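Working notes, beginning with the structure itself.
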Amino acid sequence: GLVKPLQALGQIIAPATASSSSSSSSSSSAGPRRSSSSSSAAAASCASAAYSSVAASEVSHHSPSEVLKNFKEIRRLRIELPAGELGIDDGVLLKWRADFGSTLDSCVILAASSISPKSTNPNPNPTSHDASCSGSSSSGSADDNGNIPESFYTNGSLKLRVVWTISSLIAASARHYLLQPIIADHETLETLDLTDADGQGVLTMDASQLRELRVRPVSVSGTSHRTLMPALSMRLWYAQHLELPGGMALKGATLVAIRPSEERTREGGNGPLGSSDGCWVANAFEEPYRRAVRMLMKRRMYCLEMNSF
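First residue of the sequence shown: 1, per full-length UniProt numbering; consecutive thereafter.
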């Protein structure tokens, strides 16, 4: 299956009877526009169903709420899950980073259908102009002018990336929902990061976002025990083949930058990324993935919309 059960994540984070060991730690005091609404809805149903397909008994750990109950003034908290929620095939790259307040503020997803060694004749200048944070419609040195081939829409590649995107958003929103007891119990928190040992996803909240969550109720997505996702505006970049310094090549490399549609409208619609927004996307991951993001941002940008789910 594409994803592990949502109940497993609940056992890791939510207060519950527990055994085994915990994985928490604290510091300090302690282009063309295509609509994806219909395919998104179908993919969301498939991704959500996958969460409930396996018994929750597969994972059992102490909950951070239980571990942290005797700490009174935690300012900076980093929790590491023993594994990522998304079950992906060997060789597939899928990484995400999400910022939340009371709901999603932004999310960046980097994916590729496979990672392999470089070809024997790599591009001599694979990273030209990649120091810039803001994206553009230029293709850089791409031999396909940054265009997505028509086969991308007909051979299942687009559908797969929609599933990857929705699954990442579901994982992020489930983490956010289940962090609420910790945030409520520790009012001195200034930063909160929830990551996993696989390096798959990172959820981050700063002081202002933590304050927002405390004063603004979280909207819940039905009975699924996760935060409701608002209507979303997505920007997508794609490269059939992307070669990086250090001997890595990505096949089917895909970058998705996501903001609530309401925020995107205030920023001026679906034009090129501004320097501030662009730098946030460009700096979402560590090297070598940061370089991949900046290279992809130089290619043609595609805009999609997704309904609330």
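Idealized CB from N, CA, C, for every residue including glycine. Remember, it's a predicted structure, so these values are computed and weren't measured experimentally.
- [ ] With DSSP collapsed to three states, give me the class of T191.
- [x] strand
Task: Chain-order list of residues whose beta-carbon lies under 6 angstroms from that of V281 (same chain, five-residue window excluded) - done: V108 and A257
Open item on the list: Whole angstroms are fine: how far does the CA of T195 sit from the CA of G201?
Closed with: 6 angstroms
Task: Cβ pair count under 8 angstroms reaching 3, the segment 202 to 213 against the segment 175 to 193 - done: yes
Open item on the list: Taking the straight line between their C-alpha atoms, what separation do you get for E73 and E187?
Closed with: So the two alpha carbons sit approximately 8 angstroms from each other.
Task: Closest Cα partner of K298 within the set E286, L77 and W237 - done: W237
Task: Beta-carbon gap between M229 and S173 smaller than 8 angstroms - done: Yes, the Cβ-Cβ distance between M229 and S173 is below 8 angstroms.
Open item on the list: Less than 8 angstroms between the C-beta atoms of R75 and L189, yes or no?
Closed with: yes
Task: Three-state secondary structure (DSSP) of M306 - done: strand
Open item on the list: Let me confirm a value: D99 is counted as buried when at least 16 other C-beta atoms fall within 10 Å, else exposed. Which label applies?
Closed with: buried
Task: Pair within 8 angstroms by beta-carbon distance, G252 and Q240 - done: yes
Open item on the list: Just list the residues that DSSP pairs Y238 with in beta bridges.
Closed with: T254
Task: Cβ pair L232, L242 closer than 8 angstroms - done: Taking a C-beta distance under 8 angstroms as the contact criterion, L232 and L242 do not qualify as a contact pair.
- [ ] Report the rounded CA-to-CA distance for V184 versus R216, giving the unit in angstroms.
- [x] It should be noted that the sequence gives Ala, not Val, for residue 184. Their backbone Cα atoms lie some 12 angstroms apart in a straight line.
Task: Per DSSP, the bridge partner or partners of L110 - done: K95 and L255
Task: Rounded distance between the beta-carbons of L110 and Y289, thought under 8 angstroms - done: 6 angstroms
- [ ] Taking I79 as part of the beta strand (DSSP E), name the residues at either end of that continuous run.
- [x] R76 to L81
Task: Outcome for N64 when other beta-carbon atoms lying within 10 angstroms are tallied against a minimum of 16 - done: First, the residue type needs correcting, since residue 64 is Pro and not Asn in the sequence shown. P64 is buried by the Cβ-count criterion.
Open item on the list: Distance check for L255 and A171, CA to CA, integer angstroms please.
Closed with: Straight-line spacing of the CA atoms in A171 and L255 works out to 18 angstroms.
Open item on the list: DSSP three-state label for S167, please.
Closed with: helix
Task: 8 angstroms Cβ cutoff met for I115 and G87 - done: no
Task: Extent of the continuous alpha helix (DSSP H) run through V215 - done: A207 to V215
Open item on the list: Would L192 and L68 be called neighbours here (beta carbons separated by less than 8 angstroms)?
Closed with: It is not a contact, given that the beta carbons lie outside the stated cut-off.
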